[in-house]
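So that you can map any letter, position 96 of the sequence shown is 97 in this note's numbering, and since no number is skipped, the others follow by simple counting.
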Amino acid sequence: VTVVEDEYGTLDKQIVKRYTFSNANNMTAKIITYGGRISVIRVPDVHGEVQDVVLGFDNFEGYLQQNDPYFGAVLGRVANRIGGAKFTLNGVQYNVTPNMGPNQLHGGLRGFDKVVWDSYLHNKKLTLSYVSVDGEEGFPGTVLTQVTYELTPENELIFKVKATTTKPTPINIANHAYFNLAGQASGSDGLFQHVVYINADQYTVTNNQSIPTGELASVADTDLDFRTPRQVGPLIQKRGGYDNNYCINIDRYSNPVLVSRVVHPESGRYLEIYSDQPGVQFYTGNNLPQAGSDDLIGKGRVNYHQYGSFSLETQNYPDAVNHVGVRILFNAFFLHKHHKVY
Numbered sequence: 002v003t004v005v006e007d008e009y010g011t012l013d014k015q016i017v018k019r020y021t022f023s024n025a026n027n028m029t030a031k032i033i034t035y036g037g038r039i040s041v042i043r044v045p046d047v048h049g050e051v052q053d054v055v056l057g058f059d060n061f062e063g064y065l066q067q068n069d070p071y072f073g074a075v076l077g078r079v080a081n082r083i084g085g086a087k088f089t090l091n092g093v094q095y096n097v098t099p100n101m102g103p104n105q106l107h108g109g110l111r112g113f114d115k116v117v118w119d120s121y122l123h124n125k126k127l128t129l130s131y132v133s134v135d136g137e138e139g140f141p142g143t144v145l146t147q148v149t150y151e152l153t154p155e156n157e158l159i160f161k162v163k164a165t166t167t168k169p170t171p172i173n174i175a176n177h178a179y180f181n182l183a184g185q186a187s188g189s190d191g192l193f194q195h196v197v198y199i200n201a202d203q204y205t206v207t208n209n210q211s212i213p214t215g216e217l218a219s220v221a222d223t224d225l226d227f228r229t230p231r232q233v234g235p236l237i238q239k240r241g242g243y244d245n246n247y248c249i250n251i252d253r254y255s256n257p258v259l260v261s262r263v264v265h266p267e268s269g270r271y272l273e274i275y276s277d278q279p280g281v282q283f284y285t286g287n288n289l290p291q292a293g294s295d296d297l298i299g300k301g302r303v304n305y306h307q308y309g310s311f312s313l314e315t316q317n318y319p320d321a322v323n324h325v326g327v328r329i330l331f332n333a334f335f336l337h338k339h340h341k342v343y
C-alpha cells in the first residue's frame, strides 16, 4: 500500500491536503482534510475495469457549495438529528444550532464536515484531528476528535474514531460516503440493480420530521426488512427511497460485526460494512435534486440526482440525547470510539 500527499486547495489561509491511498489490487482511495472526506474510491469490477464508486466533486470548490450534501464527510459533533435542536444534560438545557427547520442535522451550520482537519501520516495510516471548542454550535465541552483512515491490501478501508471531552456532552461521529457500485455516474439505473442485506431486526420509528419517537419497531413484513437480501430498485420506486436508522443486531461494546452487504451483480462489486456502533442510517439520496435537474454537478460533469446513490452511516441512534436508555453522553475524559470497516 502506498500513500501520497498533495495540496488540494486553501480555505481561510489553511491548506487543504489530499491523501491518495493505493494498493496492488488497483484500488485507490482519496481523503481530503476538509471535512475529513472520502473523495474517491476507485475499485475494479470482475473484468478489471476500474471505476469510482463514491459521489463527490472534481475540485475543492465543489465541496464549498451551499448544496453539498455532506459528500464523504465526517459528521459531528452529533451526526443525524437532534429534535428541537435542544437537549437537557444534568439539569441544564442546551440549545444547539438548528439547520433543518427547528431541528439540528449533522452537527449544525458548521459541523465537522465544514472544517479543515490537521493531518498526520504514520505507517501508512492517516490520522486527522480537530478540536471543537466549548460552546461550538451550542454544545458543551471542548472535544478533541481523531479520525484514522487506512487502506489494506485486502481492499478494506478502515475508519476509526476516538474522541475525548472536557465536559459531559453528546458525541456521535459518523461518515457520510455516498456509494454507487455501478460507478458514481450511473445514477438510479445503476443503483436500482443493487441487492442489499442489513443485519437488523428493528428500526427507530420517526415522526413526519424524521425525528425518532423513541419506539423501536420490527422490520418484519415491511419494506424495511433486508435480513434477506433484496433488490432495492422496486422498493425505492414503491416507497420513495430510504432514510431510516436500523438497530444493528449487536452486543453493546462488541467488536465490529457485519452491518450490511451490498452487491451490484452486473459488475460483481460488493461492499461489506463492519461496525461496532448500534445503528446504521440507510439513505438513498432522497434529498438530492430530482431527475432532469442540473443543480448538483459532480465528478466528470455528471448531474447527480435522487436515488442515484446510497449511504450506510454507522452511528448511535438519532436523537439519542433526548431518549432514555441510549448511551450517547460522554463524560469528561471518557473515550468515545467508533470502528468501521468498508
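We put the beta carbon where it would ideally sit given N, CA and C, even for glycine.
Residue closest to G191, alpha-carbon to alpha-carbon, out of Q105, I172, F180: On the sequence shown, position 190 is the one that residue 191 refers to. Taking only the C-alpha atoms, the option nearest G191 is F180.
Bridge-paired residues (DSSP) for H123: As a position in the sequence shown, residue 123 is number 122, starting the count at 1. Bridge partners of H123: K126.
Can you tell me the Cα-Cα spacing of A201 and N246, whole angstroms? Your numbering for residue 201 matches position 200 in the sequence shown. Your numbering for residue 246 matches position 245 in the sequence shown. Roughly 10 Å separates the two Cα atoms.
Please classify Y318: does DSSP put it in a helix, a strand, or coil? As a first step, residue 318 is located in the sequence shown; it is residue number 317 there, counting from the start. Note: Y318 maps to coil in three-state DSSP.
Note down the Cα distance separating L76 from S130, rounded to an integer number of angstroms. By 1-based counting over the sequence shown, the position of residue 76 is 75. By 1-based counting over the sequence shown, the position of residue 130 is 129. Straight-line Cα distance between these residues: approximately 13 Å.
Under the assumption that Y243 contacts F193 (Cβ atoms under 8 Å), give the Cβ distance between them as a whole number of angstroms. Against the sequence shown, residue 243 aligns to sequence position 242. Against the sequence shown, residue 193 aligns to sequence position 192. With 8 Å as the limit, Y243 and F193 do not qualify as a contact, their Cβ atoms being about 13 Å apart.
F227 versus H48: straight-line alpha-carbon distance, rounded: The residue you call residue 227 lines up with position 226 of the sequence shown. The residue you call residue 48 lines up with position 47 of the sequence shown. Going by the C-alpha atoms only, they are around 28 Å apart.
Under the DSSP definition of a beta bridge, which residues are partnered with Q232? The sequence position of residue 232 within the sequence shown is 231, counting from 1. Note: Q232 sits in a beta bridge opposite V196.
Am I right that K239 and G57 are in contact with their C-beta atoms under 8 Å? What's the rounded C-beta distance? The count along the sequence shown starts at 1 and reaches residue 239 at position 238. The count along the sequence shown starts at 1 and reaches residue 57 at position 56. With a Cβ gap of about 29 Å, K239 and G57 do not count as contacting.
Status (buried if at least 16 other CB within 10 Å, exposed otherwise) for H339: In the sequence shown, residue 339 corresponds to position 338, counting from 1. Buried, because 16 or more other Cβ atoms sit within 10 Å of the Cβ of H339.
Could you name the residues of the same chain whose beta carbon sits closer than 7 Å to that of Y121, not counting the 5 residues immediately before and after it, in chain order? The sequence position of residue 121 within the sequence shown is 120, counting from 1. The answer, listed in chain order, is T128.
Limits of the unbroken alpha helix (DSSP H) element including E62: By 1-based counting over the sequence shown, the position of residue 62 is 61. Taken as a continuous stretch (DSSP letters only), the alpha helix (DSSP H) holding E62 covers 61 to 64.
Give the C-beta separation of Y64 and R38 to the nearest angstrom, bearing in mind that I take them to be a contact with Cβ-Cβ under 8 Å. Sequence index remark: in the sequence shown, residue 64 carries index 63 (1-based). Sequence index remark: in the sequence shown, residue 38 carries index 37 (1-based). With a Cβ gap of about 7 Å, Y64 and R38 count as contacting.
Between T3 and I32, what straight-line distance do the alpha-carbon atoms span, to the nearest angstrom? In the sequence shown, counting from the first residue as 1, residue 3 sits at position 2. In the sequence shown, counting from the first residue as 1, residue 32 sits at position 31. So the two alpha carbons sit approximately 13 Å from each other.
Between the Cα of E138 and those of D7, N100, N124, spot the shortest distance and give me the residue it belongs to. Taking the sequence shown and counting its residues from 1, the one referred to as residue 138 is at position 137. Out of D7, N100, N124, N100 has the C-alpha closest to the C-alpha of E138.
Specify the secondary structure class of G215 as computed by DSSP and reduced to three states. Within the sequence shown, residue 215 is the residue found at index 214, counting from 1. DSSP places G215 in strand when its eight states are reduced to three.
If you reduce the DSSP assignment to three classes, tell me which class Q238 lands in. As a working mapping, residue 238 is identified with position 237 in the sequence shown. Helix, per DSSP.
Does the region 197 to 217 come close enough to the region 168 to 183 to have 3 or more Cβ pairs within less than 8 Å? no
Opposing strand residues paired with H306 [DSSP bridges]: Taking the first residue of the sequence shown as 1, we reach residue 306 at position 305. DSSP output for H306 lists no bridge partner at all.
Given E8, which residues of its chain have a CB within under 8 Å of its CB, disregarding the five upstream and five downstream residues? The residue given as residue 8 occupies position 7 in the sequence shown. The residues are I16, V17, K18, R19.
Using 8 Å for Cβ pairs, my map puts T146 next to V134. What's the rounded Cβ distance? What you label residue 146 is simply residue 145 of the sequence shown in a count that begins at 1. What you label residue 134 is simply residue 133 of the sequence shown in a count that begins at 1. Contact flag wrong, Cβ pair sits at about 12 Å.
Helix, strand or coil, according to DSSP, for N323 in the structure here? What you label residue 323 is simply residue 322 of the sequence shown in a count that begins at 1. Helix, per DSSP.
By alpha-carbon positions, which one of R231, N68, V116, N27 ends up nearest to Q52? In the sequence shown, counting from the first residue as 1, residue 52 sits at position 51. Measuring from the Cα of Q52, the nearest candidate turns out to be N27.
What does DSSP give as the partner residue(s) for M101 in the beta ladder? In the sequence shown, counting from the first residue as 1, residue 101 sits at position 100. BP columns for M101 point to N104.
In this structure, what does DSSP give as the bridge partners for T285? Translated into positions along the sequence shown, residue 285 becomes position 284. DSSP lists no partner for T285.
DSSP has N96 in a bridge; who is on the other side? Numbered from its first residue, the sequence shown carries residue 96 at position 95. Paired residue(s): K87.
Do V258 and L272 count as a contact pair if the criterion is CB distance below 8 Å? In the sequence shown, the residue the question calls residue 272 occupies position 271. In the sequence shown, the residue the question calls residue 258 occupies position 257. Taking 8 Å as the Cβ cut-off, L272 and V258 do not qualify as a contacting pair.
Our contact map puts L182 next to H265 with C-beta atoms below 8 Å; I'd like the distance itself, whole angstroms only. Against the sequence shown, residue 182 aligns to sequence position 181. Against the sequence shown, residue 265 aligns to sequence position 264. Confirmed, about 4 Å.
Between the alpha carbons of I237 and Y198, how many angstroms are there, rounded? Against the sequence shown, residue 237 aligns to sequence position 236. Against the sequence shown, residue 198 aligns to sequence position 197. Whole-angstrom Cα-Cα distance: 15 Å.
Taking C-beta to C-beta, are S189 and Y71 nearer than 8 Å? What you label residue 189 is simply residue 188 of the sequence shown in a count that begins at 1. What you label residue 71 is simply residue 70 of the sequence shown in a count that begins at 1. For S189 and Y71, no; Cβs fall outside 8 Å.
Look at the alpha carbon of N256 and the alpha carbon of D277, and state the distance between them as a whole number of angstroms. Residue mapping note: residue 256 aligns to position 255 of the sequence shown, counting from 1. Residue mapping note: residue 277 aligns to position 276 of the sequence shown, counting from 1. Using only the alpha carbons, I get a separation of about 6 Å.
Since S261 and V233 are thought to touch, with beta carbons under 8 Å apart, how far apart are those beta carbons, to the nearest angstrom? By 1-based counting over the sequence shown, the position of residue 261 is 260. By 1-based counting over the sequence shown, the position of residue 233 is 232. Actually they do not touch by this definition, with Cβ atoms about 12 Å apart.
Distance, N91 Cα to R302 Cα: Residue mapping note: residue 302 aligns to position 301 of the sequence shown, counting from 1. Residue mapping note: residue 91 aligns to position 90 of the sequence shown, counting from 1. Whole-angstrom Cα-Cα distance: 50 Å.
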